[in-house]
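Residue numbers for the sequence shown, in my numbering: 985 to 1233.
Ideal placement from N, C-alpha and C gives every residue a C-beta, glycine not left out.
I have placed the structure first, in the form of structure tokens, so that the comments after it can refer back to it.
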Amino acid sequence: MAMKPLIAANWKMNKDIKEAVSFINKFKNLIKNIKNTEIVICAPFTSLSEIKKLIKTTNIKLGAQNMHFEEKGAFTGEISGLMLKDIVEYVILGHSERRQIFHETDDLINKKIESALKNKLKPILCIGETLQQRNNNKTMKIIKNQLKGCLKNVSNDEMKNIVVAYEPVWAIGTGKNATPEQAEEVHKFIRELLSKMYNETISKNTRIIYGGSMKPNNARELLSMPNINGGLVGGASLDAKSFGEICNT
Ligand code: PGA
């Protein structure tokens, strides 16, 4: 694939401001020579401003991990796309932890995507099946429903700003990654779906990244598959050295 791969860190609910700063100071030196890969750190809201100051002269980009679909109002504890737009470039939406723990539906995620795009943020849309769904041969059906539901009314033009992350739920935080072949099969399916939903060009140009126990020792194999255009890394992104190794893969 000719497109620039994207490797994103999903720190989840980890690192206070001091830890985030110390990570960035170490990490920026480990990846300073990387030019052909886009590197994004999706940090907790509390650290975003501090990190933004530190990455000014680096090749690191910043992302959030969630947002509300409204721009402002009586939504105690929420953060909107309007608030994020001057700080981050990317926002993770539809992560399986949000779907499972916070009961987010494809409809809700679709509203968030709409608001993110309106505010010129680039959504990293996560989709993926559970182990039970995989065992029941429902993987492709789930993927199709999630992709269609979450991208409802997203235009051809807006697709330029969408990254799709395939994250099999059974591989997240379990240390059990999908094999490159298993991941490739679903990535290829997603690309074919995008071609049907949009067109060949959009399908070819959309980055489809893999997430689920990506580590320095399995990143190369996964990233060498033809339809895998990057990674969304949880656990292994918390350590500057191991995330640096994945980015340098
Ligand atoms: P993991 O998390 O790398 O720890 O499996 C990936 C994710 O949840 O995005």
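Contacts around residue i, its chain only, beta-carbon distance under 8 Å, and the 5 residues preceding and following it disregarded
i: Leu-1038; result: Val-1005, Ile-1008, Asn-1009, Lys-1012
i: Arg-1118; result: Pro-1152, Trp-1154
i: Leu-1092; result: Phe-1053
i: Cys-1231; result: Ile-991, Leu-1014, Ile-1015, Ile-1018, Thr-1021, Ile-1023
Cβ neighbours of residue i in the same chain (closer than 7 Å, five flanking residues each side left out)
i: Thr-1233; result: Ala-1203, Arg-1204, Leu-1207
i: Lys-1096; result: Met-1051, Phe-1053, Leu-1077
i: Thr-1123; result: Glu-1113, Gln-1117, Val-1170
i: Lys-1104; result: Lys-1069
Buried or exposed by the 16-neighbour rule on C-beta atoms within 10 Å, applied to residue i
i: Ser-1139; result: exposed
i: Lys-1234; result: Here the chain covers residues 985 to 1233 and nothing more, so residue 1234 does not appear.
i: Ser-1221; result: buried
i: Glu-1022; result: buried
i: Phe-1059; result: exposed
i: Glu-1184; result: exposed
i: Lys-1106; result: buried
i: Leu-1115; result: exposed
i: Ser-1033; result: exposed
i: Asn-994; result: buried
i: Gly-1196; result: buried
Beta-carbon proximity list for residue i, same chain, < 6 Å, skipping 5 on both sides
i: Ser-1179; result: Ser-1187
i: Met-985; result: Reliability of the predicted coordinates at Met-985 is poor, the pLDDT of 44 falling under 50, and no value is obtained from them.
i: Pro-1200; result: Ser-1226, Glu-1229, Ile-1230
i: Gly-1065; result: Met-1051, Ser-1099, Ala-1100, Asn-1103, Leu-1105
Beta-carbon gap between residue i and residue j smaller than 7 Å
i: Lys-1045; j: Glu-1073; result: yes
i: Ile-1063; j: Phe-1029; result: yes
i: Ile-1111; j: Gln-1084; result: no
i: Gly-1057; j: Val-1024; result: no
i: Ile-1001; j: Ser-1031; result: yes
i: Asn-1094; j: Lys-1136; result: yes
i: Lys-1172; j: Asn-1211; result: yes
Can you list, in chain order, the stretches of the alpha helix (DSSP H) that have 4 or more residues and sit fully within the region 1001 to 1053?
Uninterrupted alpha helix (DSSP H) stretches at least 4 residues long and entirely within the region 1001 to 1053 occur at 1001 to 1014, 1029 to 1038, given in chain order.
Just to confirm the assignment: which complete alpha helix (DSSP H) runs, minimum length 4, are found wholly within the region 1132 to 1183?
Counting only runs of 4+ residues, the alpha helix (DSSP H) found wholly inside the region 1132 to 1183 occupies 1164 to 1181, in chain order.
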